[in-house]
Structures are given as C-alpha cells and as structure tokens.
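See below for the structure under consideration.
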Amino acid sequence: MIHPRFRVLHGENPLPTALTPIYPTTAGLAQARLRPLIEDALARAQLDDTLPKTCAGGLACAISAKAVDSLHHPRPGADPAALGSRTLPAWRRMKFDELLAQQLSMRKH
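Residue numbers 36 to 144, in our numbering, belong to the letters of the sequence shown in order.
Below, the structure written as structure tokens:
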C-alpha cells in the first residue's frame with residue numbers, strides 16, 4: 036500500500052473549486068512542481084479552435100479550449116470512470132486533435 040501525501044488545512048487555505056489532476060511523472064519531478072508548470076503553460080497557450088463547429092460526418096466537436104480546461108480542471112461531480120477511461124467528449128476531441136496533427140505531419144513529411 037502506498038502512503039499518500041497529505042496536508043492539514045487550516046481555515047486560511049480555501050479548498051480548490053476543481054478536482055486536482057494527477058499527471059504522469061518521473062523520478063525527481065513531483066506533482067507539486069509539475070502542476071504549476073502546466074498551469075503556466077495553459078495560461079500562455081493560444082487555444083483558439085481551428086476546426087469548424089462540426090467535424091467529419093456532422094460529428095459535433097467540443098471547442099478545444101473548453102476541452103483542455105475540462106481535462107485539466109475537472110469539476111466536482113465529473114464522472115471519474117469517464118475521466119479515467121477517456122470517454123468524455125473532451126477526451127474524444129484531444130484524441131481527434133492528436134490524430135489530425137499526426138496525419139498532417141505524415142502528409143507533410
């Protein structure tokens with residue numbers, strides 16, 4: 036059994052309004068260091084959508100910025116099974132974007 040790290044909250048620290056994401060990491064790179072780096076990158080990233088409101092076959096596509104936000108800041112009550120199994124519409128959009136980027140780079144190459 037792994038002993039989780041925890042911190043006792045005293046009245047001065049409010050609880051976050053979103054669930055805390057757990058990112059894949061490696062030795063020497065703790066979640067506490069990785070989260071602020073990702074938050075900084077997200078704050079600076081231009082996440083304007085480049086796709087039309089409907090994708091191939093009339094499939095509705097979630098807006099990219101909204102998909103990224105919902106994955107990095109899951110709201111309380113979000114379905115943990117859908118987050119873990121990557122079946123939320125936001126995950127489908129990420130998969131689509133990554134596949135599209137891969138196909139475009141292959142085509143360019």
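Backbone N, C-alpha and C fix where the C-beta goes; we use that ideal spot for every residue, glycine too.
Item	Value
Buried versus exposed, by CB contacts within 10 Å (16 or more), ALA125	buried
Runs of alpha helix (DSSP H) lying entirely within the region 46–108, each at least 4 residues, in chain order	66–79, 99–107
Limits of the unbroken alpha helix (DSSP H) element including ARG142	124–143
Alpha-carbon to alpha-carbon, ARG127 and ARG121	7 angstroms
Contact check, PRO11 vs LEU72, beta carbons under 8 angstroms	Nothing can be reported for residue 11, as the shown portion of the chain is limited to 36 through 144.
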